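Line by line, the protein sequences give chains C and S. 1 is the number of the first residue of the first sequence in our numbering; add one for each residue after it. 1001 is the number of the first residue of the second sequence in our numbering; add one for each residue after it. All residues carry an ideal CB built from backbone N, CA and C; glycine is no exception. Computed from a predicted model, the values in this text were never measured in an experiment.
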Amino acid sequence: MTTTVVLAGVGGQGTILAADVLAKVAAAAGLDVKLSEVHGMAQRGGSVDTTVRFGDVVHSPLTDLGYADHLVAFELIEAARTLRYVRPGGRLLVNTRTIDPMPVLIGAVPSPEGLEGQLQNEGAVFLDAEELACEAGSPKSANVVLMGALSAGLEFAEELWIDVISARVPSHTVEVNLRAFRLGRKACIEGECML
Amino acid sequence: MSRTLLSGNEAVARGAWEAGVSVGVGYPGTPSTETLENLTRMSDVHCEWAPNEKVALEVAAGVSMGGARVLVTMKHVGMNVAADPLFTLAYTGVGGGIVILIADDPGMHSSQNEQDSRNWGPFAHVPVLEPADSHEALEFTKSAFEISERFDVPVIVRSTTRISHSKGLVEVGERVLSEAPAPFLSDPAKWVMLPSNARCRCTSLNERIDRLAKWNATDGPDRVEMGSTELGIVTSGVCYEYVREALPNASVYKVVMSYPLNERALVEFAASVDRLAVVEEADPYLKTHLRAMGIDVADVSVPIEGELSPAKVAAAFGGTLPSTRALIADLPPRPPLMCPGCPHRSVFHALRKAKAIVTGDIGCYTLGALPPLSAMDSCVCMGAGIGMAHGMALAGQGKAGRPIVAVIGDSTFAHSGITGLAHIAYNGGAGTVLILDNRITAMTGHQGNPMMGLTLMGEQNRQIDIEALCASMGIDHVRTVDPHDLEAVGSTIAEEIGRDQLSVIVFCAPCALLIREKEQPYAVDEEACTACGACIKLGCPAISKTSTGIAATDITVCVGCGDCVQVCKFDAIVPAGEACEIGGV
Ligand SMILES: Cc1ncc(C[n+]2csc(CCOP(=O)(O)OP(=O)(O)O)c2C)c(N)n1
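As structure tokens, then:
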């Protein structure tokens, strides 16, 4: 059995660090793991999708429409764009934040409306990661809040996450990030981000 | 030994280090860049960024001739630049092993074209190894050094985006230390490729490749995994992983050495299955060679453009795809964009106003081609913009109120712009060349370059003085301007394009991402804003047009560069604090 998680966001939102944390947790749990990310041109404010797959033996680093088990969307439009990766019945975790892309900013195309409703119909679970990140002490820890929320739906022990995050983030931000992780996890376990 | 999560690039660096490499040299290019950056962090290795890939391979040739092992890294198009030394290095062969990592980008995530670097194998007569994941990237980089020295030939390790930028678990090993090279003994028959020597080395090269093919047949790295004999798949690289996932029952021949091919084993494999098909990305490289060997390859419609994926492979072989959720239509696209505070923005803003024909180049500034700046007319390859500006003038363009302007970044100028400029100076051309000097190679993630002098080992060395360089070419009109002074940007461009002589303008200000301390952000005074849209035309991600047409800023995104303040004729963009007091944002 292989579990596939897609992390979708906008360049600069910290999806790559989040994916790295998840992959290291899976590895620490003794599983095989592969992670696929995109660097370069696309990172300059463009859409950035990262895939993490773990299980006994993982072949492809890439996934496809209809195969992913979890989507962690860091942004609403990207959630809608990548929704189809998730199999029916898969878990959709969506940050309520919207970052308007350039065509919207300059008024060339309208900002899409009703996305939250459409995503809700697909069974999405919403979270305001920025708000929880500020509560944790830094808006930059929103990516770790989302990992906390994701962790509530995966089977890895909380200590594994704590160890990996502590080792992976800059040392002066460990406390903030651990707080962010716990807030995200708690929000999902206690149902605040559930439907 | 421990299991570590490494990207393909990190694994190549690790493999080279374990193989005792002394030097790493290359030029940045997605998806190859992090390889050398990682090698630099390991002990007892000296790494350098070259101005371009040709120089990188020539430095490597020297390291090899001096007896030490060397890793060279570049993206696929870089090999076009380095092809000249490659072909003759196949003749000379090596002293210390030369391994060249070439990272292809099927699907063009971050590239101007798709190329299949396996073709360099038969073209230049150099062996090519194709890892499928991080583990193999480490192992095959190590074996590539052995093959290089044993068969006296440079070796290409071909990666693709999904190998270079995927991470997987790797068993890391120890470094094998080689002895210091013996003092160099002249050997002109090997290293001086005069025609008489080259003829001998050409024969020798063919013999070396023959010996290598024999070795590949007996001890080579290719692998056969037999499953059902109904279908046999020949594949290589990351496509192997897609095949294993999509067609778990098929028999698989995994090509690792894609030049020279293990022909005998491939023929045997073909004979052992009822139907044989090839799964590969980019060019039909294996398919063509298998057919040339007389193997009957089934026609399966695997897409030849872009990347493959497990589902694409499954679909090509008639597999059923899972049901998917409904598409949410009409989502706005999200193209990449210039960062807030980017010093390139004002230049394209001015070029658009000047209605210039802009022959562009490759770097972050290529984003000046996208709306709303929309001020670039060509982008072909690194350095092309300067020669193309001259060519456009030769074609008679540049009159009719549309002046010709070449735009090039600092790293690109050092890479291959200097020769273009020399061409115009030498041939008496006119036109205006804009050098966007943001003090870094930004697009690929901030590497140093010869214009600003920071080396890969972290030393601050000499910087190239662009004004003096241009003056030495006899160019009389060279000016340096601060791109955040929009008045000066506009007026300098207007003056220089009005001139009937060659001129160069250097726009010098650091990349916005190099500036750690943000300035105070700006907000819009809603009462003063007339909804004229002037600031929107800058294409800054911190500025948006609201439903009433009035502008708004996002103070969490704004870095306070002040470019927008200068385009606003109504003083409606004010420091964020003040706007809040007067009831604005
Ligand atoms: C032959 C070749 N090598 C490498 C690359 C990858 N590449 C694209 S742009 C670029 C450098 C851009 O730097 P610069 O000119 O300073 O512009 P900036 O991104 O800083 O604006 C590189 C290395 C390429 N496209 N072609």
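Asked	Found
Chain-order list of residues whose beta-carbon lies under 8 Å from that of S:Asp1222 (same chain, five-residue window excluded)	Asn1216, Tyr1253, Lys1254, Val1255, Val1256, Met1257, Asn1262 and Ala1265
Segment contact flag, the stretch 126-136 of chain C with the stretch 176-188 of chain C, C-beta cutoff 8 Å, min 3 pairs	yes
CB of C:Glu122 within 8 Å of CB of C:Leu76, strictly	no
Where S:Ser1228 sits in the DSSP three-state scheme	strand
Pair within 8 Å by beta-carbon distance, S:Asp1482 and S:Cys1508	yes
Contact set for C:Val235: own chain, Cβ-Cβ below 7 Å, skip 5 residues either direction	A question about residue 235 of chain C goes unanswered here, because the residues of chain C that appear run from 1 up to 195.
Beta-carbon proximity of S:Ala1019 to S:Thr1035, cut-off 8 Å	no
8 Å Cβ cutoff met for S:Met1074 and S:Ile1102	yes
Heavy atom of ligand 1 within 7 Å of S:Ser1411 beta-carbon	yes
Test: C:Ser138 CB closer than 8 Å to a CB of chain S	no
CA nearest to the CA of S:Gly1498, picked from S:Val1433, S:Cys1381, S:Ile1147 and S:Ala1422	S:Val1433
Integer Cβ distance of C:Ala68 from C:Thr15, believed to fall under 8 Å	Actually they are not in contact, since the Cβ atoms of C:Ala68 and C:Thr15 sit about 14 Å apart, beyond 8 Å.
Closer than 7 Å: S:Asn1438 CB and nearest ligand 1 heavy atom	yes
Any C-beta of chain S under 8 Å from that of C:Glu122	yes
Rounded Cβ spacing between S:Arg1211 and S:Phe1151 (contact assumed at less than 8 Å)	6 Å
Identity of the residue in S:Cys1532, S:Leu1502 and S:Glu1496 nearest S:Met1473 by Cα	S:Leu1502
C-beta atoms of S:Glu1058 and S:Pro1085 nearer than 8 Å	yes
Contact with chain S by C:Ala129, beta-carbon distance below 8 Å	no
Test item: CB-CB of S:Arg1334 and S:Ala1298 under 8 Å	no
Simplified DSSP state of S:Ala1551, which is helix, strand or coil	strand
Partners in chain S for C:Leu146, counting only beta-carbon separations shorter than 8 Å	Going along chain S, no residue has its Cβ under 8 Å from C:Leu146, so there is no contact; the nearest lies around 18 Å.
Within 8 Å, strictly: CB atoms of S:Ala1083 and S:Val1072	no
One or two residues paired with S:Ile1102 in a DSSP bridge	S:Met1074 and S:Arg1158
Nearest-angstrom Cα separation, counted from S:Ala1471 out to S:Thr1419	14 Å
Contact set between the stretch 1515-1529 of chain S and chain C, restricted to residues whose Cβ is under 9 Å from the partner	none
Contact set between C:Ala80 and chain S, taken where Cβ atoms lie within less than 7 Å	Ile1328 and Leu1331
Of the residues S:Ala1282, S:Thr1324, S:Arg1291 and S:Ala1277, the one placed nearest S:Ala1316, counting alpha carbons only	S:Ala1277
Ligand 1 heavy atom lying under 7 Å from the CB of S:Glu1053	yes
6 Å Cβ shell around S:Glu1010 - same chain, five flanking residues per side excluded	Asn1038
C:Val6 and C:Thr98 closer than 8 Å at C-beta	no
S:Met1338 Cβ short of 7 Å to ligand 1 heavy atom set	no
Spatial distance of S:Ala1031 from S:Ala1414 (CA atoms)	The sequence as given places Pro at residue 1031 of chain S; Ala does not occur at that position. Going from the Cα of S:Pro1031 to the Cα of S:Ala1414 covers about 21 Å.
Local Cβ density within 10 Å of S:Arg1069, reported as buried at 16 or more and exposed below that	buried
Host beta strand (DSSP E) of S:Ile1505 (start-end)	Ser1503 to Cys1508
Short Cβ contact (8 Å threshold) for S:Leu1456 with S:Thr1040	yes
Cβ-based burial, S:Leu1196 [other Cβ within 10 Å; buried from 16]	Leu is not the amino acid found at residue 1196 of chain S; the sequence shown has Ser there. Counting Cβ neighbours within 10 Å, S:Ser1196 comes out exposed, since fewer than 16 surround it.
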